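Colleague: Chains as they are written, first to last, in the UniProt record's numbering: chain L, 1 to 110; chain A, 1 to 110.
Protein chains: 2
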Amino acid sequence: MRVMKHPAIQEVSIEQVFYALSDPVRLEIVQKLCITDEASCSALDGGRPKSSVSHHFRVLREAGLVWTRNEGVTHMNMLRRAELDERFPGLLDVVAAAIPNGKGETRLGC
Amino acid sequence: MRVMKHPAIQEVSIEQVFYALSDPVRLEIVQKLCITDEASCSALDGGRPKSSVSHHFRVLREAGLVWTRNEGVTHMNMLRRAELDERFPGLLDVVAAAIPNGKGETRLGC
DNA sequence: TCGTTAGTTCGATTACAATAGAACAATGGC
DNA sequence: GCCATTGTTCTATTGTAATCGAACTAACGA
């Protein structure tokens, strides 16, 4: 639990990112992080089992989308926004614009 | 072979689109279509078996990414660019910007 | 009408991914 | 030190998707 693997943003492929975002659970997590900026795993689990949620966070981390840091016993997650905006400009805007039923149309929301 | 199913663009979900783009073969096809505007299936098969390529085109069609029309015995494929730009603004720009080793950085390339 | 071409559909195989329970690990509080 | 909390890792199951050969279909030309 000590060290968390986070790939360098240049090592991340766009296929990987698309794949990570193609799962409804993970897309929901990312979209929530677009709004909340930072959140614990349990705050984003949507009532799902811990092991499933942990799996999805791993995929998101390995795709370079999410950064996780230890804060005591909880893990705080945030989007790697600046890096992603530089590596894949506009991508997070697309994700944010697709947030259902919220103010998704505001490009600056993410 | 007569009628081709193409979903209305509003019925397409962003998850579906991300999923379609997460496969290397399909991403390559879409990126080629970003440049060539229109092409037959065989021109984009990359030497793969016909059945595999046909499968991938079906996924792309059902995700709303590609429009296929019959032209004699061949099928011509093109991106549904205008519709996609309206439904998911910026998405095709991200895809085009990720074109390897070409002039991918030009936002207007797609 | 017969063959050719281009692509689809079918069927089987194989590989990978989602799910979730159980055991484990790390931190913090008592 | 002991226990609760939070999340990870392990393992198994299940479902879904990629691949490809083979049969099929539609359009075209000789």
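Heads up, the beta-carbon is just placed ideally off N, CA and C, and yes, glycines get one too.
If you're wondering where the values come from, they're calculated on a predicted model, not measured in any experiment.
Grouping DSSP H, G and I as helix and E and B as strand, with all else coil, what is S40/L?
Modeller: Residue state, collapsed to three classes: strand.
Colleague: Tell me which residues of the UniProt domain "HTH arsR-type" (6-99) of chain L have at least one Cβ-Cβ distance to chain A shorter than 9 Å, keeping chain order.
Modeller: Those residues of the UniProt domain "HTH arsR-type" (6-99) of chain L that come within reach of chain A (Cβ to Cβ, closer than 9 Å) are S13, I14, E15, Q16, V17, F18, Y19, A20, L21, S22, D23, P24, L27, F88, P89, G90, L91, D93, V94, V95, A97 and A98.
Colleague: Run through the UniProt domain "HTH arsR-type" (6-99) of chain L for me and flag every whole beta strand (DSSP E) of 3 or more residues, listed as ranges in chain order.
Modeller: Runs of the beta strand (DSSP E) inside the UniProt domain "HTH arsR-type" (6-99) of chain L: 66-71 and 74-79.
Colleague: Can you tell me which of M78/L, G64/L and A63/L puts its alpha carbon nearest to the alpha carbon of N70/L?
Modeller: The candidate whose alpha carbon is nearest that of N70/L is M78/L.
Colleague: Let me check understanding here. Comparing Cα to Cα, which of V94/L, T68/L, I29/L and D37/L lies closest to G47/L?
Modeller: The candidate whose alpha carbon is nearest that of G47/L is I29/L.
Colleague: Can you give me the Cβ contacts of T74/L inside the same chain, cut-off strictly under 7 Å, excluding the 5 residues immediately before and after it?
Modeller: Answer for T74/L: S40, listed in chain order.
Colleague: Please list, in chain order, all residues of the same chain as I31/A whose beta carbon is under 6 Å from its beta carbon, the five residues on each side excluded.
Modeller: Ile is not the amino acid found at residue 31/A; the sequence shown has Gln there. Within the same chain, Q31/A has close Cβ partners I99.
Colleague: Using a Cβ-Cβ cutoff of less than 7 Å, which residues in the same chain neighbour D37/L once the five nearest sequence positions on both sides are dropped?
Modeller: Here the set comprises M78.
Colleague: Once the 5 residues before and after G90/L are set aside, which same chain residues still bring their CB inside 7 Å of it?
Modeller: Excluding sequence neighbours, G90/L sits near nothing in its chain.
Colleague: What's the gap between the Cα of E105/L and the Cα of P7/A?
Modeller: Its pLDDT being 45, under 50, E105/L is placed unreliably by the model, and nothing is read from it.
Colleague: Do R87/L and V12/L have their beta-carbon atoms positioned less than 8 Å apart in this structure?
Modeller: In contact: V12/L and R87/L (Cβ atoms closer than 8 Å).
Colleague: Are the CB atoms of G64/A and I9/A nearer to each other than 8 Å?
Modeller: Cβ atoms of G64/A and I9/A: closer than 8 Å.
Colleague: Can you list, in chain order, the residues of its chain whose CB lies under 8 Å from that of V95/A, leaving out five sequence neighbours each side?
Modeller: If we look at V95/A and ignore the five residues flanking it on each side, its Cβ neighbours are L21, L27, V30, Q31, C34 and C110.
Colleague: Alpha carbon to alpha carbon, how far is D85/A from T68/L?
Modeller: Looking at the two C-alpha atoms, the distance is approximately 33 Å.
Colleague: Give the secondary structure of E105/A by DSSP, where H, G and I count as helix, E and B as strand, and everything else as coil.
Modeller: With a pLDDT of only 45 at E105/A, under 50, the local geometry of the prediction cannot be trusted, and the value read off the model is given with reservation. If DSSP states are grouped into helix, strand and coil, E105/A belongs with coil.
Colleague: Run the CB neighbour count on A97/L, radius 10 Å, all protein chains shown included, and call it buried at 16 or more, exposed below.
Modeller: So A97/L ends up on the buried side.
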